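Asker: Handing you this structure, nothing more for now.
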Amino acid sequence: MVLNLRTTFVVKTCIHMIKRRTTRTVKIGNIKVGSGYPVAIQTMVKVKAKDTDRAVEEINKCAAAGCEIVRIAIEDLEDAQSIKTIKRRICLPLVADIHFDYRLALAAIEAGSDKIRLNPGNIFKSEEVRAVIAAAKSHRTPIRIGANSGSLRMKSKNTAQALVQSVLDYLKIFKKENFHNIVISLKASHRLDTIEAYEKMARVCDYPFHLGLTATGLPLDGVVKSSAALGVLLFKGIGDTIRISLLQRPEVEVAVGQLLLNSLGLRKFGPEWICCPTCGRCEVDLLKRANNLKGMLGTLSVQERNRIKNYKIALMGCVVNGPGEAREATWGIAFSKTKAALFKKGKIFNTVRLDVGEKSLFKMLKKDLRSQ
Ligand code: SF4
């Protein structure tokens, strides 16, 4: 496969440069995915496609939360045909998730899916795959080849190698049909297998990757496991779309995905929060105060919200160490037992009553945002 020599998306974070792996571009609805574009956030709705009202409601909530591509399970023909109805009422690109029956892929493409996901572990007969490729070609529908450690046909102790091999074998069919409108995923539930599989695959193809883990456990485990695996890959420049799989509402998956990309400096979805963990020196309920300020930021205008994405906002539990520890903050506040000290770049510039602390900081922030 010939590497696409387009300009690579390079992201500078502190002194580090995250240089994205160079990939082809794949267009999913109105979203372009690949190294020339920002890493896109995906989630998967948790209701049936045939329950169109609930599906639309959930998808629109995901859109409001900042999701960019959404996937839905297609279990039968009724689900596949529902895609047409759902698409009329949503604005996000919709991906049909297909297993076992290639005819559902044909129906989902016909109904207007913006991408379909095929699992090489359960749709593998070459004549069936070729039929799907032909339909995808004529509708210009991209296909995600989504290998999953739980449904591998090849039994191997080396899960990463087996995931890669299953995709490489599958790709031979696509290559014969000269079809390259492809995204690849190699999801294992183990973090290290997932990292190894994507790294191996990155060496041998230039298709964009959708990153994720499968079966991540309880919600907090899922956040940590996904951040560990996806964080390593993203830091190495691998990954063009991500999904944080959680036993949680899809909007939570979206929020965690945004935070992960924000924390690596790959995207800017909001300001960076710098809050100390508190210790015995703290005399206030810092979390409550942080939530107060967060609520106030929710009242900012769209323009102000766009500007504040570049800010670092600090809330610190004591005046002795707070301003110094948070000196990289654009604006910050540190609390004592009776007062709140407002600071900028580590320097205290005003001290106010404790009960008006967050309000005063919000006023300063707003003034600063408006002056830009
Ligand atoms: S800023 Fe103060 S309260 Fe917060 S962790 Fe540091 S020393 Fe403790």
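So that you can map any letter, position 72 of the sequence shown is 72 in the numbering used here, and since no number is skipped, the others follow by simple counting.
We put the CB at the ideal spot given by N, CA and C, even for glycine.
Here the structure is a predicted model, which is why all the values come from computation and not from measurement.
Give, in chain order, every unbroken run of the alpha helix (DSSP H) that is at least 4 residues long and sits entirely within the region 153 to 207.
Answerer: As far as the region 153 to 207 is concerned, its whole alpha helix (DSSP H) runs of at least 4 residues are 159 to 176 and 191 to 204.
Asker: With DSSP as the reference, please indicate the residues paired to Glu272 in a beta bridge.
Answerer: Partner(s): Lys312.
Asker: DSSP three-state call for Leu300: helix, strand or coil?
Answerer: In this structure, Leu300 counts as coil in the three-state DSSP scheme.
Asker: Tell me the start and end of each unbroken alpha helix (DSSP H) in the region 214 to 254 that is at least 4 residues and wholly inside, in chain order.
Answerer: Whole alpha helix (DSSP H) segments, 4+ residues: 219 to 235.
Asker: For the beta strand (DSSP E) containing Asp97, list its first residue and its last residue.
Answerer: Counting along the chain, the beta strand (DSSP E) containing Asp97 begins and ends at Leu94 to Ile98.
Asker: Output the residue ranges of the beta strand (DSSP E) runs that lie fully inside the region 72 to 137 and measure 3 residues or longer, sorted by chain position.
Answerer: Qualifying beta strand (DSSP E) stretches, in chain order: 94 to 98 and 115 to 118.
Asker: On the three-pair Cβ rule with 8 Å, is the region 134 to 141 touching the region 182 to 200?
Answerer: With a cut-off of 8 Å, the region 182 to 200 and the region 134 to 141 do not count as touching, because too few Cβ pairs lie within range.
Asker: If you measure between the beta carbons of Ser375 and Leu342, is that distance less than 8 Å?
Answerer: The requested residue 375 does not occur in the structure, where the chain is confined to residues 1 to 372.
Asker: Do you know offhand how far Leu233's Cα is from Lys155's?
Answerer: Each residue's alpha carbon lies about 25 Å from the other.
Asker: For a quick check, are the C-beta atoms of Val70 and Leu94 less than 8 Å apart?
Answerer: Yes, these two residues count as a Cβ contact at 8 Å.
Asker: Pull the bridge partners of Arg140 from the DSSP assignment, please.
Answerer: DSSP output for Arg140 lists no bridge partner at all.
Asker: Can you name the start and end residues of the beta strand (DSSP E) that Lys379 belongs to?
Answerer: The first residue shown for the chain is 1 and the last is 372, placing residue 379 beyond what the model contains.
Asker: Buried or exposed for Lys309, going by 16 or more other Cβ atoms inside 10 Å?
Answerer: Exposed is the call here.
Asker: Using CA coordinates, which residue listed in Thr159, Thr216, Asp240 and Glu128 is at the minimum distance from Lys200?
Answerer: Out of Thr159, Thr216, Asp240 and Glu128, Thr159 has the C-alpha closest to the C-alpha of Lys200.
Asker: I need the DSSP call for Leu3, collapsed to helix, strand or coil.
Answerer: Here the model assigns Leu3 a pLDDT of 40, short of 50, so the residue's position is not dependable, and the following value carries that caveat. Coil.
Asker: Using CA coordinates, which residue listed in Leu297, Lys236 and Ser245 is at the minimum distance from Trp273?
Answerer: When only C-alpha atoms are compared, the closest one is Leu297.
Asker: When every heavy atom of the ligand SF4 is checked, does at least one fall within less than 7 Å of the C-beta of Thr278?
Answerer: The answer is yes for Thr278.
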